[in-house]
Every structure is written in C-alpha cells, then in structure tokens.
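Here's the structure we're looking at; comments come further down.
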Amino acid sequence: MKTIMKKQLINENKTHKIAWISNILFEPYLRGSLVDYFLKANLDVEYVYIPYEDMHEENKKLMGASLVVVSLNFESMFPNVTTYMLKKHTSNRDIIRDCILRCRELYSLIKKHTDSPIVWFGFEDYSFCDAALFGRILVGDGIVDKLNLKIASEWSDILFVDFKHLIADVGISETFDLKGKYRWNAPYTKTVVKMMAEEVYKRYIIYIGKTKKCLVLDCDNVLWGGILSEDGIDGISLSNMGLGRPFWDFQCLVLRMYYHGVILAICSRNDEEEVLKVFREHSGMLLKEEHISCFQCNWDNKPENIKKISESLNISLDSIVFVDDSKFELDGVKAIFPEVTTVLYNTLFAVNDLDCFNLRLDVDEKIVKIRTNTYRTNAMREELKRRVNTFDEYIRSLNMKLDVHPTEDHELQRVAELSQRTNKCSNGARYTAEQLKVLLASKTASLYTVCLSDKFSEFGIVGVIGIKDKVLELFCLSCRALGRTIENDMLNFVKQTGVTKVRFNNTGKNAGFYRLFDDNGMIMR
Amino acid sequence: MKKVEIDKILDIINKTVDLYITSTQVDENLVDLGMDSIKFVQLVVSLEEEFECEIPDSKLLITEMDTVRKIQDVLQVLYEDNNEKTID
Numbered sequence: 002m003k004t005i006m007k008k009q010l011i012n013e014n015k016t017h018k019i020a021w022i023s024n025i026l027f028e029p030y031l032r033g034s035l036v037d038y039f040l041k042a043n044l045d046v047e048y049v050y051i052p053y054e055d056m057h058e059e060n061k062k063l064m065g066a067s068l069v070v071v072s073l074n075f076e077s078m079f080p081n082v083t084t085y086m087l088k089k090h091t092s093n094r095d096i097i098r099d100c101i102l103r104c105r106e107l108y109s110l111i112k113k114h115t116d117s118p119i120v121w122f123g124f125e126d127y128s129f130c131d132a133a134l135f136g137r138i139l140v141g142d143g144i145v146d147k148l149n150l151k152i153a154s155e156w157s158d159i160l161f162v163d164f165k166h167l168i169a170d171v172g173i174s175e176t177f178d179l180k181g182k183y184r185w186n187a188p189y190t191k192t193v194v195k196m197m198a199e200e201v202y203k204r205y206i207i208y209i210g211k212t213k214k215c216l217v218l219d220c221d222n223v224l225w226g227g228i229l230s231e232d233g234i235d236g237i238s239l240s241n242m243g244l245g246r247p248f249w250d251f252q253c254l255v256l257r258m259y260y261h262g263v264i265l266a267i268c269s270r271n272d273e274e275e276v277l278k279v280f281r282e283h284s285g286m287l288l289k290e291e292h293i294s295c296f297q298c299n300w301d302n303k304p305e306n307i308k309k310i311s312e313s314l315n316i317s318l319d320s321i322v323f324v325d326d327s328k329f330e331l332d333g334v335k336a337i338f339p340e341v342t343t344v345l346y347n348t349l350f351a352v353n354d355l356d357c358f359n360l361r362l363d364v365d366e367k368i369v370k371i372r373t374n375t376y377r378t379n380a381m382r383e384e385l386k387r388r389v390n391t392f393d394e395y396i397r398s399l400n401m402k403l404d405v406h407p408t409e410d411h412e413l414q415r416v417a418e419l420s421q422r423t424n425k426c427s428n429g430a431r432y433t434a435e436q437l438k439v440l441l442a443s444k445t446a447s448l449y450t451v452c453l454s455d456k457f458s459e460f461g462i463v464g465v466i467g468i469k470d471k472v473l474e475l476f477c478l479s480c481r482a483l484g485r486t487i488e489n490d491m492l493n494f495v496k497q498t499g500v501t502k503v504r505f506n507n508t509g510k511n512a513g514f515y516r517l518f519d520d521n522g523m524i525m526r
Numbered sequence: 100m101k102k103v104e105i106d107k108i109l110d111i112i113n114k115t116v117d118l119y120i121t122s123t124q125v126d127e128n129l130v131d132l133g134m135d136s137i138k139f140v141q142l143v144v145s146l147e148e149e150f151e152c153e154i155p156d157s158k159l160l161i162t163e164m165d166t167v168r169k170i171q172d173v174l175q176v177l178y179e180d181n182n183e184k185t186i187d
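Residue numbers (my numbering), protein chains in the order written: chain A, 2 to 526; chain B, 100 to 187.
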C-alpha cells in the first residue's frame, strides 16, 4: 500500500502549466518569479510564453495548461495610440470597438482549447501620462478605464486583475524600464513583473481553494481596547470614532472574512458569560454571537483552548490562524503547535498579515450562515453524546435525515467549493463549477448532492458523489458531518449504482478515506 | 569589465538555456540546441551581469549571437574597447 500512496502523492504534486499570452515580454524576470512564488505552496510550475501575435499558430501550447494568463499592452496593441490620444474624442469609440473585438476573439480562441481559468490583466495608461507637459489629466478621456470596465464585466469566468492598482502599489516612477522596452519590448521593471507573478500565484491558489479555514481571535486589545475583566463592559473601547476606532475597523475586516467563508472562533482569558454579554449587548460590536462557531473563554492556557477549538470544529491545526496582541501567548501556542499560524495584533494592524487566507469573492452568504450554525450546534450534540450510552444510540437519537439527489444546477458552485475545500474526507479529486458542468454534459457522468439535517439544525450540502463510466471520480464529505458514519451510507449508495472502483488522489490528509475505500476493495491497482 | 573566459560563458548558457554544452560545441547553433527568444533575453541579461558590461543594441539579435564563439567574439570586442578606454 505504501508504494501506491507514494505514486499517488506524485500525481497530486503534478506540474502546473501556466500559459502566458502577451504582446510584450516580461523576461528576464518572469519565469524565475513564477517558479519562486509557486514553490511557496509546494507547487511545481511550468511556464509557457505565447506571443499574442502568434496565437492562431501557437494555440496548441494552451493544451494541458492549468492556468492561462492574458496580459496585453495597450501601447503595443495600438502603436499609433499617442496620435489618437491627442485627437481626443474623435477616434476613442473606434479604438474601444476594435480592442473589445480583439479581446473577444482571443477569449474565444482560449476557450476553444482549454477550460482552465484565465487570469486577465487589465490595461494601463500610465506610460502616456505626460504629466510634465499637461499635468495629471485623465488620459485619452479615460479610454483605458472604460476598456477595463468592459472587459471585467464581459466574462464572468475570467479572474480580472486591476493592473493599474498593482502599479499604484509599486509607484509609477518605479514601473517602467525604458531600456528593456527599446531593447526587446519588455517595458516593465523587475518589481512590477515580480508583483504580477505574485498576483497570478495568489489568484491561482484562491481558484484551487488553498486557504486557511479558521480565524481564532483573542478579545482584550484585539476585538476591543482594554481588559474586560478589569474595565468592565462600559470601560472597554470600541466604536467607529476615537480610541475604539482601530478595534471597530478590525471587526469590519473580520466580518468581511466571515462573509467570504472564514470560520471564526474566540479564544480569550475571560469568563464566557462576560464575553457573551459584550457580544450581545455592546453597541460597538459588529461581530455577533451568530458569527462565531466556537467560544473558548476561560482561564486555561491558550494552546489547550486552541486544541479544543480544533477538535470541536474538526478543523486541523494547520488550517487555523490565531490572532493575539501578546507575543508571549503566540509564542506559547507556536511552541506546542507549530502548525498553527500565529499573527500579532496591534492597533496599526495591516491586512497583509492575514495573507495566508486566500478568499473567493463569490461565496453564498446563506451557506456561510448554515455552516456556522452547524458548528455552533455541535456543542449540543456533544452534550447529547455524553447522555447516551452507546454510539449507535447517539446516532439514532440525533434523528438524522440524509438526502441524496441528482445535483441541480444551482448547487454546482457549492459542490465544486466542497471538492476544493475538503482535504480529509475525500478521494482527493478537485473540480471547479465549470469543470463539473463539462463533466455533466458528457452524459456518461452522474453527480449527486448529499444533504443532511438532524434534530438540532440543517446542515445543507455536506457531500458530493461523482460517477463516470462506472468509476467513483468524486467522493467528499464535509468535516462538519464527520463522525456520524455518513460516509458508510454514501458508500452504500455508490455501491447500489453498480460502481466498484474509485479514483484516489492523495491530498496528504485523506489516508483515512484511503483505508475506507481499501477495506471496501475499491482502490484501482 | 571582467575578462572573457569561455568556461564562464558556457556555464551561463548552460544555466540560463538549461542545456549541457561543452567546449567542443562552440560552433554549434544554439537555436538548434533549444534557445528561443525568451531564453536569449535571459542569456543577454545574465552575460551583462556576470561580465559587468552592456552589449550594444546592434548585437541584440539571436543571429548575432547564436553560437558560443559569436558570443565570445562580441564580449571580447567589448572587453578590448573597455580596456583601451581605461588605458586612455
């Protein structure tokens, strides 16, 4: 079995091919920067450059790409552009029409050859900013901004990058390399190219769903200013002005993270009742009890409490990020659980410190709520477990209802997200919603959604089963629903459809499910 | 500018272009061996950094530097020019 696992591990660590389409060059810096950034996430990367002008002849290079990057340079696309700019209104409409047509043609060409995600860098117009002559005017009546808006809204499936924002981060004076531009049409400096590589890396790992899952927060001097046990609820600072403002801003940030799928937990040296009172009664609290999946407020040590949070939420320690204002507490946690990411909070807290989270924009708020509620009601289930004598009795007393039905269109996004997020209880297959659509369209594949409810709450979608040509291609179960033998019920369902084999990829954490499939004789050898 | 040594050139080419060329292949065409326009840019920049020089724009075509010997000649001319200037 060891040899097979090793082989599958290599498959999981496949080379990620990035096809980069552009009408300018980014060498000598791009290849090395991409390799460096992807290595950070242990991803091996192969970079292929496709000149935009040769797209029709070289489109075969798109085959097998994990990611396509489009980065078109406006000046190179319209070499006479400065003349147009000077004429002001006259030709702008023609340029926009021409440019959009070219982008559409490129998009169709890419889509014809690959279903991979496309990171699309917007245009920039800073190279025409003759501020020394005209002052800081809106270049060409904002033609480039209009084009960017149009492209960003034209296709919902592209990962659009606001390239002007990236340049703002670098600074215009540090952006252009005229020597490179006149030598080989490589107009950007090393700093810009490195940031482009970083952005591509970030968007890719967001796309594949590689992210931390849970944010564990200290309370005193993190969620509010002051010490609750000493200052009392009326003495702590928390409001949208004055001394409480940094804490209010931080709660805004945490709330945004919650709405984009981050599970929140509290770990504080306080009495739980006192902390809950602040959550329920303080007018400055943006975070409410309903946003928090688990409270660990007591006088025990923090590593112990973080372990309890990890166990109660069934989230592995390496998916947890702990924020505290005390370096002593952070070091204590790090010493015992090095896999936990620790972040030091101070009032000048920068969001960059949380860049280990890679969050999607398109997260359904309703699902976030259901998920949090499940975690919260886990405590009641634990209580029930204590009261009953046997595990079977416990399972029966939960009055679980499992519903397995063919996946409906509106569930595709959530089902895809589940396949991306699940590391532990999965056959290791990862799909995007687009890939699932393609799979379903093939007619030889079937996809089933698994929903769960019990006497305490609705879990919503907790699992997915994908079958193609009598092989189990996708099997995953949310860790929220683990420990109720649902995986056995799902497996029985699979067997009833006549499937006997599973395609298994090692995620590094799904050895338990390997054993489950192996015990059922389903592993393909 | 640093003195031009063939071993150093070979080393840079092998590292940048991901090849294994030996001193017996100095007249072989690098494009046939796997050089492309992107690798050429990387090679030129590496040569400039390593030898502390600036290759003139007129030599920035692959055809001007597509063998180890041609690259050595370009660098040698630069080295001699540079030396003369230093002596002047």
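We treat Cβ as the ideally placed atom computed from N, Cα and C, and that holds for glycine.
Is residue 159 (chain B) close to chain A? Criterion is C-beta to C-beta, closer than 8 Å.
yes
For a test of the three-state rule: what should DSSP assign to residue 51 (chain A), helix, strand or coil?
Residue 51 (chain A) falls in the strand class under three-state DSSP.
C-alpha gap between residue 479 (chain A) and residue 108 (chain B), whole angstroms
Cα-Cα distance, rounded: 56 Å.
How would you write the range of the alpha helix (DSSP H) that residue 253 (chain A) sits in, first residue to last?
246-260
Near residue 276 (chain A), what residues of its chain come up, given a Cβ to Cβ distance below 8 Å and the 5 sequence neighbours on each side ignored?
220, 229, 267, 269, 296, 298
Is it a yes or a no for the segment 373-387 of chain A touching the segment 346-361 of chain A, going by three-plus beta-carbon pairs under 8 Å?
At 8 Å Cβ cutoff, the stretches do not touch.
Answer yes or no: does any C-beta atom of chain C fall closer than 8 Å to that of residue 204 (chain A)?
Absent here is chain C; the protein component of the structure consists of chains A and B.
Alpha carbon to alpha carbon, what distance is there between residue 163 (chain A) and residue 182 (chain B)?
48 Å
How big is the Cα-Cα spacing for residue 409 (chain A) and residue 382 (chain A)?
30 Å
Please report the residue range of the beta strand (DSSP E) in which residue 461 (chain A) lies.
Start and end: 459-469.
Between the segment 24-43 of chain A and the segment 72-79 of chain A, are three or more C-beta pairs nearer than 8 Å?
Taking 8 Å as the limit for Cβ pairs, the verdict is that the segment 72-79 of chain A does touch the segment 24-43 of chain A.
Any Cβ of chain B within less than 8 Å of the Cβ of residue 29 (chain A)?
Closer than 8 Å to some Cβ of chain B, the Cβ of residue 29 (chain A) qualifies, so yes.
When the Cα atoms are used, what is the spatial distance from residue 294 (chain A) to residue 259 (chain A)?
Taking the straight line from one Cα to the other gives about 11 Å.
Who pairs with residue 270 (chain A) in a beta bridge, going by DSSP?
A:299
Where the beta strand (DSSP E) through residue 185 (chain A) begins and ends:
From DSSP, residue 185 (chain A) is part of no beta strand (DSSP E) but of the alpha helix (DSSP H) over 179-185.
Quick check: is the beta carbon of residue 120 (chain B) nearer than 8 Å to any beta carbon in chain A?
no
For residue 300 (chain A), decide whether its Cβ has a neighbour in chain B, counting only Cβ atoms nearer than 8 Å.
no
Can we count residue 519 (chain A) as close to the ligand MG, meaning its CB is less than 7 Å from some heavy atom?
For the structure depicted, the ligand MG is absent and the ligand set is empty, with no information on it obtainable.
N-terminal and C-terminal residue of the beta strand (DSSP E) that residue 449 (chain A) is part of
446-454
For residue 234 (chain A), which of helix, strand or coil comes out of DSSP?
coil
Residues of chain A with CB closer than 8 Å to the CB of residue 137 (chain B), please, in chain order.
For a Cβ distance threshold of 8 Å, residue set 26, 28, 32, 50 of chain A lies close to residue 137 (chain B), ordered along the chain.
Have a look at residue 345 (chain A) and residue 199 (chain A) and give me their C-alpha separation to the nearest angstrom.
Spanning the two alpha carbons is a distance of roughly 24 Å.
What does residue 185 (chain A) touch in chain B if you count any residue whose Cβ is under 9 Å from its own?
Think of a sphere of 9 Å around the beta carbon of residue 185 (chain A): the chain B residues whose beta carbon falls inside it are 136, 139, 140, 143, 159, in chain order.
Compare the C-beta of residue 156 (chain B) against all C-beta atoms of chain A and say whether one is closer than 8 Å.
With a threshold of 8 Å between beta carbons, residue 156 (chain B) makes contact with chain A.
Of the choices A:456, A:473, A:209, whose alpha-carbon is the least far from that of residue 449 (chain A)?
A:473
Write down the C-beta distance between residue 475 (chain A) and residue 465 (chain A) rounded to the nearest angstrom, noting that I regard them as a contact closer than 8 Å.
6 Å
Leaving out five residues on either side along the sequence, give the residues of the same chain with a beta carbon under 7 Å from the beta carbon of residue 42 (chain A).
206, 211
Does residue 365 (chain A) come out as helix, strand or coil in the three-state DSSP assignment?
coil
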